[in-house]
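Student: Going from the sequence shown to this note's numbering is simple: count from 1 and add 324. Virtual Cβ for every residue (Gly too), placed ideally from N, Cα, C.
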Amino acid sequence: MNILLLGSGGREHAFAWKITQSPLCQQLYIAPGNAGTRQHGNNVALSPNDFEAIQDFCKEKNIAMIVVGPEEPLVRGIYDFFEDSTIQVVGPSQMGAQLEGSKAFAKEFMAEMGIPTAAYQEFTVKNLEAGYDFIDAQKPPIVLKADGLAAGKGVLILEDKEQAKKELQLMLGGKFGVASTKVVIEEFLDGIEFSVFVLTDGKSYKTLPIAKDYKRIGEGDTGLNTGGMGAVSPVPFVDKVLMQKVEERVIKPTIEGLQKRNINYKGFVFIGLIRVKGEPYVIEYNCRMGDPETEVVLPRLQSDLVELFQALEDGNLDDFTIEIDQRAATTVMLVSGGYPQQYQKGKTMQGLDKTLHSLLFHAGTKILEDQSIVTNGGRVLAVTSYGSNFKDALKTSYQNAKFIEFEGKYYRKDIGFDL
Ligand code: AMP
Ligand code: GLY
325 MNILLLGSGG REHAFAWKIT QSPLCQQLYI APGNAGTRQH GNNVALSPND
375 FEAIQDFCKE KNIAMIVVGP EEPLVRGIYD FFEDSTIQVV GPSQMGAQLE
425 GSKAFAKEFM AEMGIPTAAY QEFTVKNLEA GYDFIDAQKP PIVLKADGLA
475 AGKGVLILED KEQAKKELQL MLGGKFGVAS TKVVIEEFLD GIEFSVFVLT
525 DGKSYKTLPI AKDYKRIGEG DTGLNTGGMG AVSPVPFVDK VLMQKVEERV
575 IKPTIEGLQK RNINYKGFVF IGLIRVKGEP YVIEYNCRMG DPETEVVLPR
625 LQSDLVELFQ ALEDGNLDDF TIEIDQRAAT TVMLVSGGYP QQYQKGKTMQ
675 GLDKTLHSLL FHAGTKILED QSIVTNGGRV LAVTSYGSNF KDALKTSYQN
725 AKFIEFEGKY YRKDIGFDL
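Written out as structure tokens, the structure is:
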């Protein structure tokens, strides 16, 4: 079949790499893609949010399956747009995507299903004063979350109550646009984070390799939040006992909750978790795969991904077993100097052909007419490697990270430091 993959990051390059390993995939198109996805199919200049244009393209190219990388098209309802057509969309319905699209929806869903998460309340301008009182009643740090999608920037963690009140007022006043017309304030959870990925048809599910990403720009997990600076899979501290708790207390009730609410969900659930005193709590849901977690999860998945996607539609996911590579995989993200604040694009990249024993997943890259590759985003390239354990894998990623050159290149040298 012909497949259309939406998105342009490292996650999508990893998807393109994996999808084209399937004998079921005839032709892959990536919209809009990057210099890396081009190695696996045709990049097409389409916006992932322009459903009409995507529909026309699908007719023209006889596309049978659309794989959605980022959250925005899902939250905008791409699944529902194609629901009556013969084209399969891998991803949840608009209602299902609310797990990521609205923090208030997700919290309420978890409360109903008894899924462990931080205690919370939600506020709008109408009960701002109550918000101040709630902050006064908390023990800092105070966690403020914009309800809607805010490009990963909508969570603020503040040590000072007065600062938190000021930020609450700013958020409700439109700091993150409509995304923060509602704000969730929640209890701060102190622990270590990890990510669980589930592929589901809304009834049965398969758990993919566990991963941990490193979100802060600075070493030792300091500085501003980024989209993700590196990732490791598996995660040594996530043992059988912890995973069993996650399965019983989080994954199963999540799938049951979808069924209970009659929510159509045929895609990935990304569950961001935190371990506090040995117990798992949900920090957030995403309705898509993580980036850069995908760059370590898919390399460890030996099963045919397209076959699994088809099973979502056919309703026989239960008949499949997930084969996992027992090796560890790690990725180190090379980013543009200045990211996640101001940075420059268009820097010529060199040394991509010098690396050995790593998979290079392009994130923000572009190919020019003269065939040179230049940077085209904050996160530029993920260097993924295998190893008998995460330390071995990281050694290879770091060796190869040195070979790739572009002006302003930065990467964290301490991925996995806390494991
Ligand atoms: P989110 O966008 O919900 O993933 O939040 C971004 C980051 O903020 C998370 O990855 C955590 O590191 C942190 N965070 C979110 N909620 C909490 C919480 N309740 N307690 C502690 N840290 C949190
Ligand atoms: N790496 C975190 C995310 O994809 O949301």
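Could you tell me which of G478, F730, K485 and T699 sits nearest to K506, measuring between CA atoms?
Tutor: G478
Student: According to the Cβ coordinates, are G688 and K719 closer than 9 Å?
Tutor: no
Student: Tell me where the beta strand (DSSP E) around T655 begins and ends.
Tutor: A652 to V659
Student: Check whether chain B comes within 9 Å of V399, counting only Cβ atoms and requiring the distance to be less than that.
Tutor: Reference to chain B is not applicable here, since this structure consists of a single protein chain.
Student: Terminal residues of the continuous alpha helix (DSSP H) containing L582?
Tutor: K576 to K584
Student: In this structure, how does DSSP classify F500 when only helix, strand and coil are distinguished?
Tutor: coil
Student: Can you determine whether any heavy atom of ligand 2 sits closer than 8 Å to the C-beta of A478, and answer yes or no?
Tutor: Going by the sequence as given, residue 478 is Gly instead of Ala. False, no ligand heavy atom lies under 8 Å from that Cβ.
Student: So is the beta-carbon of G596 under 8 Å away from any non-hydrogen atom of ligand 1?
Tutor: yes
Student: Indicate whether L398 and C611 have their beta-carbon atoms separated by less than 9 Å.
Tutor: yes
Student: In the DSSP assignment, what residue or residues form a beta bridge with L329?
Tutor: I354 and V391
Student: To the nearest angstrom, report how far apart L494 and P465 are at their CA atoms.
Tutor: 18 Å
Student: May I ask you to check if the CB of F512 is nearer than 8 Å to at least one heavy atom of ligand 1?
Tutor: yes
Student: D615: buried (16+ other C-beta within 10 angstroms of its C-beta) or exposed?
Tutor: Burial call: buried.
Student: So, with DSSP's three-state summary, where would you put S721?
Tutor: In the three-state reduction of the DSSP assignment, S721 falls in the helix class.
Student: Go to I459, then tell me how far its alpha helix (DSSP H) extends in each direction, as first and last residue.
Tutor: I459 -> alpha helix (DSSP H) spans L452 to A461.
Student: Which residues have a Cβ closer than 5 Å to any heavy atom of ligand 2, listed in chain order?
Tutor: D537, G552, G614 and D615
Student: Can you tell me whether S660 is buried or exposed, with buried defined as 16 or more other CB within 10 angstroms of its CB?
Tutor: Per the 10 Å Cβ criterion, buried.
Student: Taking all protein chains shown into account, do 16 or more other C-beta atoms lie within 10 angstroms of the C-beta of S519, making it buried, or fewer, making it exposed?
Tutor: Buried, because 16 or more other Cβ atoms sit within 10 Å of the Cβ of S519.
Student: For the putative contact between E731 and K690, defined by C-beta atoms under 8 Å, what is the C-beta separation to the nearest angstrom?
Tutor: The Cβ separation is near 15 Å, so there is no contact.
Student: Where does the unbroken alpha helix (DSSP H) through G425 begin, and where does it stop?
Tutor: Q418 to G425
Student: My assumption, with CB atoms under 8 Å, is that H337 sits in contact with L352. Please give the rounded CB distance.
Tutor: In this structure, H337 and L352 do not form a Cβ contact; the two beta carbons are roughly 12 Å apart against a cut-off of 8 Å.
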